[in-house]
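S.K.: The C-terminal position of the sequence shown is numbered 179 in numbering that gives the first Met the number 0, with every residue numbered one higher than the one before it. All residues carry an ideal CB built from backbone N, CA and C; glycine is no exception.
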Amino acid sequence: MIELRRIKHCRACGTPVGYKVPDDDNRERAVCPACGLIHYENPLNVVGTVPVWGEQVLLCRRAIEPRHGFWTLPAGFMELGETVEDGARRETVEEAGANIELQDLFTMISVVRVGQVHLFYRARMTDTTLDPGPETLEARLFHEHEVPWDQIAFRTVKETLQHYFACRRAGSYPLQCSSI
0 MIELRRIKHC
10 RACGTPVGYK
20 VPDDDNRERA
30 VCPACGLIHY
40 ENPLNVVGTV
50 PVWGEQVLLC
60 RRAIEPRHGF
70 WTLPAGFMEL
80 GETVEDGARR
90 ETVEEAGANI
100 ELQDLFTMIS
110 VVRVGQVHLF
120 YRARMTDTTL
130 DPGPETLEAR
140 LFHEHEVPWD
150 QIAFRTVKET
160 LQHYFACRRA
170 GSYPLQCSSI
């Protein structure tokens, strides 16, 4: 297991925390020596879509770091108070301004080294209207042979796209689960 010790101070009282195994637990946690609050560190969910119009997929060119200028699927961190599906829809609207009909969960990829889980849904675009938000330089539809594979921002996006095109050729879209 990768050691991720990111919490330095207690959220409740500001005291520097120490890492130890609390009573009735089985792993080290950030524990405040002053107030006793246990701080749990859990993976973050990245949610997004594989928006499709006919034979084309929608990609967004990033206007932010990391990987400014590289292409990605519309995706981002899930927010508190929303479902995974709502987050995927929101990110698609925020990054691409695309109108979609959400379909099945397609890929679930654990990115252990950074404590994230990436979840991508297939999505059918209901029209070709695009209105990219401030995190996107441009949003564009690509046929498979046009995808700028050497300019894809993240490994999870590249794997999701590769799975999508392989599944499309096979005519079936089973859930793809992996870890990187």
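Between which two residues does the alpha helix (DSSP H) carrying Y120 extend?
M.R.: Looking at the DSSP string, Y120 is not in any alpha helix (DSSP H); the run it does join, the beta strand (DSSP E), is Q115 to M124.
S.K.: Determine the burial state of V111: buried for a count of at least 16 other Cβ atoms within 10 Å of its Cβ, exposed for fewer.
M.R.: Its Cβ having fewer than 16 others within 10 Å, V111 is exposed.
S.K.: Give me the Cα-Cα distance between L140 and N41, rounded to the nearest whole angstrom.
M.R.: Straight-line Cα distance between these residues: approximately 35 Å.
S.K.: Look at the alpha carbon of A95 and the alpha carbon of V113, and state the distance between them as a whole number of angstroms.
M.R.: Taking the straight line joining both Cα atoms gives about 25 Å.
S.K.: Need the endpoints of the alpha helix (DSSP H) that C166 sits in, please.
M.R.: First-last of the alpha helix (DSSP H) with C166: R154 to A169.
S.K.: Quick one, which of Q175, E145, D103 and S171 has its alpha-carbon nearest S109's?
M.R.: Of the listed residues, the one whose Cα sits closest to S109 is Q175.
S.K.: With a threshold of 16 other CB atoms inside 10 Å of the CB of T159, please say whether the residue is buried or exposed.
M.R.: T159 comes out buried.
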